[in-house]
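Protein sequence lines correspond, in order, to chains A and B.
Counting along the first sequence from 1, when you hit position 121 you're at 121 in my numbering, and nothing is skipped either side.
Adding 551 to a residue's 1-based position in the second sequence gives its number in my numbering.
Positions of the beta carbon are idealized from the N, C-alpha and C atoms, including for glycine.
Remember, it's a predicted structure, so these values are computed and weren't measured experimentally.
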Amino acid sequence: MNFDPIILTLILATPLAGAILLALIPERQDPSTSTEQTGSKRHAIGALIVTLLTLLLTLHLPAQFNYHAARHTFQFQENLPWISSPAIHYHLGVDGLSMWLIVLAGLLAPIGVLASWNVIRSRTRLFYTLFLLQQVAMLGIFVALDLFLYYGFWELSLVPMTLLIATFGRTENRRRAAIKFFLYAFIPSAILLVAILWLYNLTGTFDLPTLQALAGAHHIAASPAALLLCSIAFLVAFAVKVPIFPLHGWLQDAVSEAPTAAVMVLAGKLGLYSILRFSFGIFPDQSRHVAPLLIALGAIGIVYGSLIALIKSDLKKLASFATLAHVSFVVLGIFTFTVLGLDGGIFQILNESLIGAAFFILLGLLYERYGTYDMRDYGGLGARHPWMATMFVVTSLAAVGLPMLNGFVGEFLILSGTMQSIVAHHILWTTMGATGVIFGAGYMLWMIQRIFYGSPGVRTEEVQGWDLCPREHLELWPMAALFLIMGVASPLWMRAIDLYGAATAGASAPSSAASSELTLPHIPPAMISPNAAVASNRNSDPLTIAHQEVR
Amino acid sequence: MSSNLLTLLPELILTVAAVLVMLLEPVLAAGVSRKPLGWLAILGSVGSGAAALYQLHVVNAIGAITGFYGTIQVDAFSVFFHLLIASIVATTLLSSLDYFQPSQMSHAGEYFALVLFGAAGMMFMTSSVELLMVFIGLEISSISTYILAGFRKGRATASEAGIKYFLLGSFATAFFLYGIALCFGATGSTAIAAISAGLVVTKTPLFGWLAVGMVLIGLGFKVSAAPFHVWTPDVYQGAPAPVVGLMSTAPKAAAFAVLLRFLFDAAPMYRSHWAPLIAIMAVASMTIGNLGALVQSDAKRLLAYSSIAHAGYLLVAFTATEHLAVSAACFYTAAYAAMNVGAFVVLTQLSGFDEKLRTIDDLTGLALRRPVLSAFFAFFLVSLIGIPFTGGFFGKFYVFSAAVHSGYTWLAIVGLANSGLACFYYLRLLTSLYARPVSDTVGDTPASHRLTFPAALALTATAAATLFLGILPGRVLNLTQRATPATAAQINLQR
Chain A
1 MNFDPIILTL ILATPLAGAI LLALIPERQD PSTSTEQTGS KRHAIGALIV TLLTLLLTLH
61 LPAQFNYHAA RHTFQFQENL PWISSPAIHY HLGVDGLSMW LIVLAGLLAP IGVLASWNVI
121 RSRTRLFYTL FLLQQVAMLG IFVALDLFLY YGFWELSLVP MTLLIATFGR TENRRRAAIK
181 FFLYAFIPSA ILLVAILWLY NLTGTFDLPT LQALAGAHHI AASPAALLLC SIAFLVAFAV
241 KVPIFPLHGW LQDAVSEAPT AAVMVLAGKL GLYSILRFSF GIFPDQSRHV APLLIALGAI
301 GIVYGSLIAL IKSDLKKLAS FATLAHVSFV VLGIFTFTVL GLDGGIFQIL NESLIGAAFF
361 ILLGLLYERY GTYDMRDYGG LGARHPWMAT MFVVTSLAAV GLPMLNGFVG EFLILSGTMQ
421 SIVAHHILWT TMGATGVIFG AGYMLWMIQR IFYGSPGVRT EEVQGWDLCP REHLELWPMA
481 ALFLIMGVAS PLWMRAIDLY GAATAGASAP SSAASSELTL PHIPPAMISP NAAVASNRNS
541 DPLTIAHQEV R
Chain B
552 MSSNLLTLLP ELILTVAAVL VMLLEPVLAA GVSRKPLGWL AILGSVGSGA AALYQLHVVN
612 AIGAITGFYG TIQVDAFSVF FHLLIASIVA TTLLSSLDYF QPSQMSHAGE YFALVLFGAA
672 GMMFMTSSVE LLMVFIGLEI SSISTYILAG FRKGRATASE AGIKYFLLGS FATAFFLYGI
732 ALCFGATGST AIAAISAGLV VTKTPLFGWL AVGMVLIGLG FKVSAAPFHV WTPDVYQGAP
792 APVVGLMSTA PKAAAFAVLL RFLFDAAPMY RSHWAPLIAI MAVASMTIGN LGALVQSDAK
852 RLLAYSSIAH AGYLLVAFTA TEHLAVSAAC FYTAAYAAMN VGAFVVLTQL SGFDEKLRTI
912 DDLTGLALRR PVLSAFFAFF LVSLIGIPFT GGFFGKFYVF SAAVHSGYTW LAIVGLANSG
972 LACFYYLRLL TSLYARPVSD TVGDTPASHR LTFPAALALT ATAAATLFLG ILPGRVLNLT
1032 QRATPATAAQ INLQR
């Protein structure tokens, strides 16, 4: 049976049906007190089945994806009219950019359920229902090709996350953190809605491929200033969710409060995907116009995040600033508008999400055992928990970009993209970005040293923890294996991503390339025209040679 | 059936049901539950809804029908509001069946009758195309709601609510009457079609401008738009919860209907005069409502300020061209009615006649004890915030896209920034529902307390309506897009 025409609807419907089902299953009541019994597993098992099913469905996409599409098109499209006036369609589709992100979201969900297995003991029905709703919203963001539908999922994703933080947060600060998270994301989104309406009023369509075609042909009839403002409204709404420096104010609180399964999907991919899809798609020229600023902010974000991470002794806060540094790396890459930068950036989104997820799970394991996130209370755990220490080290090495592991591929591509970019002609930003790698190694390795080596800390002396149990092995091993596979066989992923990267870098307005030729005479012409750059890189860059071998 | 009778059929059914309730009330012995009277009232409101549907059937077949010398007109516009008001009233009655325990309230039958009489007045407002008839409808509905506001007798807040509402309300009605008089002075008529024709040729346009201003003030009070909103928080706090659900939606819907008819049909040539006034009122209502709600700790006061803000969002629609404005405003009224009535049904069920749970802190941890009610409440709050796939979102969407379409982009930005501000206080309420630990007041309520059937029906109906408007707005939108009052006014002119 051919699932292709309905596969995306199935991917959305499975977690939604799961959420409704879980909401209807009552929690097991304790007969003596008639309150809810703690430690009941029925909702966790249900959520695990639903998320595994979703993962299976998402794997259909890479299996059936057409990697040899002549030009950038959306595949597995579904397009049904939903509301006639205004013309809103239920339009779904996948391309090289979103495909692996969907699989990633599918993979992180069962891991998130496993990570919450023992941590969430009460109110499991609420937790897993919200978790699955969050999953629906996230997958919806990745597959929606109608601006309106997309906006629906975008806003919807805020509600379950806010409730998850507010209800299952760690400290008394949880409600404040939840409201802060919501406000930070919602207010720019409200302005985004005005921009979407304005755009609709101008073009009469919410359809992304149509808008892209209109924008590519410069057929959107508005003054350049108005279009620039509109593009900024889009960009700011997305930048908050990434977050891009200086809009990261919500991140630290939300990360410290949110339960592990929620933190894993909190930052990074949703915002970055939206920038790539909508900002770059509808406003190619305007995005290039603001690119120098964004590259600067990306570089600042890397250094700023890394420096703060160096001095934080609270592990969750350290992780939140490390996240900021990592997503800033992606921002640096994608705003170069080179094939290398875009491909590397998208690949790094996958890496960052996986590494971040593994890292937060490991922190959660420590907290489960010792009840604190304060690094100073730890020490000398290496001998006691050899498996956990191994996993920590593997994750950290992937994060700092050790060759053979996935982080290296992404960082290398991003930095080489920056070097040859026609936008980022200031070598300073590349240098700043590269220092982030050093700082990153600094805080990660220092953290490992303080937790796993040296003399036992206050807390680790009092409490006798235990090493990884089988369930925890099950959470971590797939990710550790992926670090390695993605590090040595990146072309498996790259051949889909490159379809998007090449198209987006190629969509550059010829005028901008010509003008930069005037200002930058020292760059070889082959590097200036992005299309030519693709060709030249294919021959010179060892990584892309590797891609071709796989093809 | 005579066409005169047909034009007033829904109002007649309501009135007959109300009179029956009044007659039966003294027959029942004191201390006996008044539930049968409530069911009778519900039957009446459902019957009037069915009558409105029949009217729609006729309107679809032969077009708008007029009666009583052209003063009453039934068209898609009035049928839409008839149906809306009938549904609001039926839901409110369902949720208040268990609200009045015989031990606490001896004359609950009056309550049901008053609700029905008020609803008849509101329906009358929406189908009148003659300002004096509108005024009569306004008075019928106002007087009923004045009494209902002070219905929890013997409590200081209830008396305050009743008196405040009565005094300020009569004042506002007087303004409305002045507006009618000035219209008559300028054009020699009080019929909307004749006013619109007369205002074009009038020798005293100043009267016309003043009339529009006066009507705006009078109706601005009824819809609690700033700067005529000051009564709202006190009245909502003192009035019984089900009544607040009713009076924050149904009379407002009727007043908005009159405002739409008056501005777009009677005074379209003054658009350049009243559109800026409306924009100012909209900005003021949204901002004052939202800022005011930020500092509230009482849930009903909070929702009162939120209703001021929502009146502001609705006024944004008026800046658009007629067709867009009417359909956006109608849709918003319906969406707001569904979610706000729903929220008050929850409050009614939670706090009961004594209103034990009042403040946001009182509601802390509710989800642990009453998960179903909390989930409903959370859903209505999410819709009030305006999250997609709820009616509240599409309401805002249509209103602001109408404004953007008509060149009022700045108003849309102000409005949506305001809705960002608004989510702060809705979230305060929402997160407290799901917070720990359970507050003492929630802890005192028995966990075993189950929803009664009528309340569950009311909740399901409002939640389903909110969800339906959020997922398939097309059906309702088709009706609202047909509901342009202008077509009707032209028919009148041609006579």
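Pull the bridge partners of Phe-88/A from the DSSP assignment, please.
As written in the sequence, residue 88/A is Ile, which differs from the Phe given in the question. According to DSSP, Ile-88/A bridges with Ile-83/A.
Given a threshold of 16 other Cβ atoms within 10 Å of its Cβ, counted over all protein chains shown, does His-874/B qualify as buried or as exposed?
Exposed: under 16 other Cβ atoms inside 10 Å.
Counting only beta-carbon separations shorter than 8 Å, does Thr-960/B have a partner in chain A?
Thr-960/B counts as touching chain A.
Run down chain A in chain order and give the residues with a C-beta less than 7 Å from the C-beta of Pro-939/B.
Residues of chain A passing the Cβ test: Tyr-151, Gly-152, Glu-155, Leu-156.
Is the region 891 to 903 of chain B close to the region 1003 to 1020 of chain B, with three or more CB pairs under 8 Å?
Yes, since at least three Cβ pairs between the region 891 to 903 of chain B and the region 1003 to 1020 of chain B fall closer than 8 Å, the two stretches touch.
Counting only Cβ-Cβ distances shorter than 9 Å, please list the residues of the region 71 to 97 of chain A near chain B, keeping chain order.
Correct list: Trp-82, Ile-83, Ser-84, Ser-85, Pro-86.
List the residues of chain A that Pro-988/B touches, going by C-beta distances under 8 Å, in chain order.
Those do not exist, as Pro-988/B stays about 11 Å from chain A at its closest Cβ, beyond 8 Å.
For the region 171 to 188 of chain A, which residues have a beta carbon sitting closer than 7 Å to at least one beta carbon of chain B?
Residues passing the 7 Å Cβ filter: Arg-175, Ala-178, Ile-179, Phe-182, Leu-183, Phe-186, Ile-187.
Look at the alpha carbon of Glu-462/A and the alpha carbon of Ala-258/A, and state the distance between them as a whole number of angstroms.
Roughly 26 Å separates the two Cα atoms.
For Phe-65/A versus Met-99/A, is the C-beta distance shorter than 8 Å?
Contact: yes.
Nearest-angstrom Cα distance between Tyr-697/B and Gly-669/B?
Looking at the two C-alpha atoms, the distance is approximately 10 Å.
If contacts are defined as beta-carbon pairs under 8 Å, then Gly-916/B and Ala-986/B qualify, I think. What distance do you get, rounded to the angstrom?
Gly-916/B to Ala-986/B, Cβ: 6 Å. Contact.
Interface residues of chain A around Gly-1025/B at Cβ under 9 Å?
Ordered by position in chain A, the residues that pass the 9 Å Cβ test against Gly-1025/B are Trp-82, Ile-83, Ser-84, Ser-85.
Rounded to whole angstroms, what's the CA-CA distance from Leu-397/A to Leu-272/A? Just pull it up for me.
The alpha-carbon atoms of Leu-397/A and Leu-272/A are separated by roughly 23 Å.
For my contact list, Thr-1017/B and Gly-937/B are in at a C-beta cut-off of 8 Å; report their separation, rounded to the angstrom.
That pair is no contact at about 12 Å.
On the DSSP bridge assignment, give the partners of Val-625/B in chain order.
Bridge partners of Val-625/B: Ile-616/B.
Go ahead and pull the three-state DSSP assignment for Met-837/B.
Met-837/B falls in the helix class under three-state DSSP.
Taking 8 Å as the CB-CB limit, is Leu-163/A close to chain B?
Yes, contact with chain B.
Using a beta-carbon distance below 8 Å, is Leu-683/B in contact with chain A?
No, no contact with chain A.
Label Val-752/B either buried or exposed according to how many other C-beta atoms from any shown protein chain fall within 10 Å of its C-beta, with 16 as the threshold for buried.
Exposed.
Determine the chain A residues that contact Ser-970/B at a beta-carbon separation under 8 Å, and present them in chain order.
Per Cβ cutoff of 8 Å: Ala-190.
I believe Ala-325/A touches Gly-401/A by the beta-carbon criterion, under 8 Å. Please report the beta-carbon distance rounded to the nearest angstrom.
Actually they do not touch by this definition, with Cβ atoms about 12 Å apart.
Buried or exposed: where does Pro-827/B fall if 16 or more other Cβ atoms within 10 Å of its Cβ makes it buried?
Looking at its Cβ environment, which holds fewer than 16 other Cβ atoms inside 10 Å, Pro-827/B is exposed.
Going by beta-carbon coordinates alone, are Asn-1025/B and Ile-83/A separated by less than 8 Å?
Per the sequence shown, residue 1025/B should be read as Gly rather than Asn. For Gly-1025/B and Ile-83/A, yes; Cβs fall inside 8 Å.
Hey, would you say Ser-256/A sits closer than 8 Å to Lys-316/A, going by beta carbons?
Taking 8 Å as the Cβ cut-off, Ser-256/A and Lys-316/A qualify as a contacting pair.
For a contact meaning CB atoms closer than 8 Å, what does Asn-201/A contact in chain B?
Result: Ser-952, Val-955, His-956.
Determine the DSSP secondary structure at Ala-777/B, reduced to helix, strand or coil.
In the structure shown, Ala-777/B sits in coil (DSSP, three-state: anything other than H, G, I, E or B).
May I ask you to report which of helix, strand or coil DSSP gives Ser-679/B?
Strand, per DSSP.
Assign Ala-383/A to buried or exposed, taking buried as 16 or more other Cβ atoms, counted over all protein chains shown, within 10 Å of its Cβ.
Answer is exposed; the Cβ neighbour count stays below 16.
Taking Cβ positions only, does Ala-1016/B come closer than 8 Å to chain D?
Judged by its chain identifiers, the structure shown contains no chain D, and its protein chains are A and B.
Cβ closer than 9 Å: which chain A residues qualify as neighbours of Arg-979/B?
Arg-175, Ile-179, listed in chain order.
Can the beta-carbon of Ala-166/A be found less than 8 Å from the beta-carbon of Ala-185/A?
Taking 8 Å as the Cβ cut-off, Ala-166/A and Ala-185/A do not qualify as a contacting pair.
Grab me the residues of Asp-95/A's own chain with a C-beta within less than 6 Å of its C-beta, minus the 5 sequence neighbours each way, in chain order.
Answer for Asp-95/A: Phe-74, Tyr-500, listed in chain order.
Rounding to the nearest angstrom, what Cα-Cα distance links Ala-291/A and Leu-192/A in this structure?
If you take the alpha carbons of Ala-291/A and Leu-192/A, they lie about 19 Å apart.
Using three-state DSSP, classify Asp-467/A as helix, strand or coil.
In this structure, Asp-467/A counts as coil in the three-state DSSP scheme.
Any Cβ of chain B within less than 8 Å of the Cβ of Val-159/A?
Yes, its Cβ sits closer than 8 Å to a Cβ of chain B.
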